[in-house]
Structure formats: structure tokens, C-alpha cells
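S.K.: Number 57 in UniProt numbering belongs to position 57 of the sequence shown; there are no gaps in the numbering. Where is the CB? At the ideal position from N, CA and C, for every residue including glycine. Let me begin by handing over the structure; questions about it come next.
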Amino acid sequence: MPTMTAAQRRAQAKIEYDAFLAGCPSRRLLDRISDKWVALILAALGGNGTPRSMRYSELSRRLAGVSQKMLTQTLRSLERDGLVTRTVTPTVPVTVTYELTDLGLSLHELMRSVKRWAEAHMDEVLANREAYDARVDRT
């Protein structure tokens, strides 16, 4: 069997990616990007179409309800996946900013659309939940 370069192995794996298969690594990626904090971080860093860098404290204030631990873990995972870059500036105190990479920007557009959809359809979803709960409670 001939040996393959890393690029050839990646190209072969890309052909074989199928999220419907249990062992496909794209499932782990789908699991990560479907997290609410990922969606909200991408939306915050992407702004309203004009991406911007943000400090940790800015992100923390923007994302009401996120714990320090969850924000830190989520930012690290996004950095690991290449969706966010972390820049440390040697000031006193040290300044750390986060911003979307090109890969992160491409996902941001999709996530921003999902966020807008959720906001626009929340009343309808809540009404459907009430109707469903009323039907289920009667049985």
C-alpha cells in the first residue's frame, strides 16, 4: 500500500465525511457549533456585519448569564478549532482580545441568521408549546 501525505489523507477524509455516520468527526464539530454559547460568541464578535475584536470582559458583559468557566472553555475550543484568534498585548495589566478568523466569519453569517430566526419566531414557538402542553395535559 503506497504511503499518503498529510494533505492526501485530509483530502481522502474529506470525501468520507458523513455526519450521519457514528464515527464521523464532523459530528463532534456539529455538537460544538450547536452550543448556545458558541452561537452567541460568534454573533457578538461578528457584530452586525462588521467584525470586531473584543476583550474577555466585554464578551462576558455582552453574554448575560455566561459563567467565567463556560466562557473560557468555549473561547478555548473556538480558538482550537481555528474560529477565533486570541491576541495578548503586553500592557499593564495584560490585554487579551478575541476576534473571528476567516473561518469563524464564514460560520458567523450562518449563526447570525439562526439567531435572527429564533428572535423573529419566538412568539410562534411559545404559542405552539402552550398548545402542545394543553393537548398533552388533557390526555
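In terms of alpha-carbon separation, which member of Gly49, Thr91, Ile33 lies closest to threonine 74?
M.R.: As a working note, residue 74 is residue 74 in the sequence shown. Taking only the C-alpha atoms, the option nearest threonine 74 is Ile33.
S.K.: Under the rule that 16 or more other beta-carbon atoms within 10 Å means buried, what is glycine 23, buried or exposed?
M.R.: In the sequence shown, residue 23 corresponds to position 23, counting from 1. Label assigned to glycine 23: exposed.
S.K.: Residues bridged to valine 88 by DSSP?
M.R.: Numbered from 1 along the sequence shown, position 88 holds the residue referred to as residue 88. Paired residue(s): Val96.
S.K.: Have a look at Leu42, Ala131, Ser77 and flag the residue whose alpha-carbon is nearest the alpha-carbon of leucine 63.
M.R.: Here residue 63 refers to the residue found at position 63 of the sequence shown. Looking at the Cα atoms, Leu42 is the closest of the given residues.
S.K.: Among Thr3, Val66, Arg80, which has the Cα closest to the Cα of leucine 40?
M.R.: Taking the sequence shown and counting its residues from 1, one reaches residue 40 at position 40. Nearest C-alpha to leucine 40: Val66.
S.K.: Are three or more beta carbon pairs between the stretch 98-107 and the stretch 80-89 nearer than 8 Å?
M.R.: With the cut-off at 8 Å, the stretch 98-107 and the stretch 80-89 touch.
S.K.: Indicate the three-state DSSP secondary structure (helix, strand or coil) for methionine 111 in the structure shown.
M.R.: Numbered from its first residue, the sequence shown carries residue 111 at position 111. It is helical.
S.K.: Leaving out the 5 sequence neighbours to the left and right, which residues in its chain are closer than 7 Å to valine 107 when beta-carbon positions are compared?
M.R.: Walking along the sequence shown from the start, residue 107 turns up at place 107. It is leucine, not valine, that sits at residue 107 in the sequence shown. Excluding residues within five positions, the ones whose Cβ falls inside 7 Å are Ile33, Leu42, Leu83.
S.K.: Which value, in whole angstroms, describes the spacing of the CA atoms of glutamate 79 and aspartate 137?
M.R.: Looking up residue 79 in the sequence shown gives position 79. Looking up residue 137 in the sequence shown gives position 137. When rounded, the distance between both Cα atoms is 45 Å.
S.K.: Could you tell me whether the Cβ atoms of leucine 71 and serine 60 are closer together than 7 Å?
M.R.: Position 71 of the sequence shown, counted from the first residue, corresponds to residue 71. Position 60 of the sequence shown, counted from the first residue, corresponds to residue 60. Yes, these two residues count as a Cβ contact at 7 Å.
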